[in-house]
Amino acid sequence: MSLTQTQTRNQTLVNETSKITSWGNSQGVRLGKRLLKTAGLKKDDKISINVIEGNKIVLSLAEPVDDGSLAYLFRNYKDDGKREPLIDFGERVGNEIFD
Numbered sequence: 001m002s003l004t005q006t007q008t009r010n011q012t013l014v015n016e017t018s019k020i021t022s023w024g025n026s027q028g029v030r031l032g033k034r035l036l037k038t039a040g041l042k043k044d045d046k047i048s049i050n051v052i053e054g055n056k057i058v059l060s061l062a063e064p065v066d067d068g069s070l071a072y073l074f075r076n077y078k079d080d081g082k083r084e085p086l087i088d089f090g091e092r093v094g095n096e097i098f099d
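Using UniProt numbering, read the sequence shown as starting at 1 and increasing by one per residue.
See below:
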């Protein structure tokens, strides 16, 4: 595997040469740490793989899929740390306490 890195005005370009190898019953390509870091990808990220112009393979971070989970629902939530004060509703009148 060979790696070259070029710095341009607005971005870092990384070119890596690798080869397709057997991986069980499939084939795979190893991607180096620097290449992944430059692309903003990390181990266990889900990626989208597209073939364009016939022979170019483009890897990009996959968009999250709506699986109905709370994690998906709150995927863009940023906690600002602000909390509303507790409201005093007065004395208990019934069995409001739950164990």
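Glycine included, C-beta positions come from ideal geometry on N, C-alpha and C.
Quick caveat: nothing in here was measured; it's all calculated off a predicted structure.
It is roughly 5 Å from the alpha-carbon of S48 to the alpha-carbon of A62. Its Cα nearest to that of N15, the residue G32 stands out among Q27, T21, P85 and G32.
Taking C-alpha positions only, V29 is separated from G54 by approximately 18 Å. As the crow flies, the alpha-carbon of L41 is around 24 Å from that of D79.
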